[in-house]
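What follows is a short report on a single structure.
Residue numbers (UniProt numbering): 1 to 183.
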C-alpha cells in the first residue's frame, strides 16, 4: 500500500463515488477502480460494498479509512514541515565564524534573523582550520574563514566581502619612511 492508493481510497469514501473521486484527484475513474481493486487484493479483503448508488464500508474498510485519514494528515504535516525547511521558514542553521570576524557579522546576522525568524541560528566561534574541518564533518552547515581553502578539500567558497587589514605603527622611528611591509 502506498500513500497515493490510500489517498484514492479515502477520497472515494468521502465522495461516495468513484467518478467524483476521480474528478477531484484529476485521474480517470478506471484508474481509481484499478487502484482500489489492487488495494483489496493486497490486503486480501473487501473494503467497500456497493449498495445501489451507495458505497458502504466493511469493518476492514472502516479501519483502513480511519487510519488512512490519520496517516494522510500526518503526511500533509510532514510535507508542510519539509517545505518550511526547504524555504527557510523553519529549521536550524549552524554557523561557524572566526573570532576576529564576529563584529563584522553583527549586521548581516541581524538582517538574517529579521528575514528568517523561524530559523534558529546557532553560532560557534572557531579559528583556523577547525572551522573548515567542522563543515567537512557535518558539525556546521556554513562557516566563514579568512584562510585560503584548498580545492581538494571538497568545500565551495564564496567571497563575502574584502576588508583591508591595516598595521598601526608609531609616528616615529623607522616606520615613518615605510610605504609597505613585506613578510
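For each residue, glycine too, the CB sits at the ideal point set by N, CA and C.
This structure is a prediction, so every number in the text was calculated from the model and none was measured.
Give the DSSP-derived three-state secondary structure of residue 182 in the structure shown. For the purposes of this step, residue 182 is taken as the residue at position 182 of the chain shown. Residue 182 carries a coil assignment under DSSP once its states are collapsed to helix, strand and coil.
Taking 7 Å as the cut-off, is the beta-carbon of residue 61 closer than that to any non-hydrogen atom of the ligand COA? As presented, the structure is devoid of all ligands, the ligand COA included, so that no description of it is given.
Throw me the rounded Cβ distance for the residue 9 and residue 39 pair, which I believe falls under 8 Å. Taking the chain shown and counting its residues from 1, one reaches residue 9 at position 9. Taking the chain shown and counting its residues from 1, one reaches residue 39 at position 39. Rounded, the Cβ-Cβ distance is 6 Å, consistent with contact.
Please confirm whether residue 149 and residue 98 have their CB atoms less than 8 Å apart. As a working mapping, residue 149 is identified with position 149 in the chain shown. As a working mapping, residue 98 is identified with position 98 in the chain shown. 8 Å or more divides the Cβ of residue 149 from the Cβ of residue 98.
With distances taken Cα to Cα, identify the nearest neighbour of residue 115 among 138, 90, 136, 129. By 1-based counting over the chain shown, the position of residue 115 is 115. Ranking the options by Cα distance to residue 115, first place goes to 90.
Please name the residue in 175, 153, 144, 30 whose C-alpha comes closest to that of residue 159. Here residue 159 refers to the residue found at position 159 of the chain shown. Nearest option by C-alpha distance: 144.
Cα-Cα separation, residue 94 to residue 56: Position 94 of the chain shown, counted from the start, is the residue given in the question as residue 94. Position 56 of the chain shown, counted from the start, is the residue given in the question as residue 56. If I take the Cα positions, the gap works out to 53 Å.
Pick helix, strand or coil for residue 173, following the three-state DSSP scheme. Numbered from 1 along the chain shown, position 173 holds the residue referred to as residue 173. Correct three-state label for residue 173: helix.
Spatial neighbours of residue 45 within its chain, please: CB distance less than 6 Å, with the 5 preceding and 5 following residues excluded, ordered by chain position. Numbered from 1 along the chain shown, position 45 holds the residue referred to as residue 45. Excluding the 5 residues flanking it on each side, residue 45 has same chain C-beta neighbours closer than 6 Å at 60, in chain order.
Report the residue from 24, 16, 42, 30 whose alpha carbon sits nearest the alpha carbon of residue 52. Walking along the chain shown from the start, residue 52 turns up at place 52. When each option's Cα is compared against that of residue 52, the closest is 16.
Name the two residues that bound the continuous beta strand (DSSP E) containing residue 140. On the chain shown, residue 140 is found 140 positions in, with the first residue counted as 1. Here residue 140 belongs to no beta strand (DSSP E), and DSSP marks it neither H nor E.
What are the uninterrupted segments assigned as beta strand (DSSP E) that are 3 or more residues long and contained completely in the region 55–132, given in chain order? Within the region 55–132, the complete beta strand (DSSP E) runs of at least 3 residues are 91–97, 119–125.
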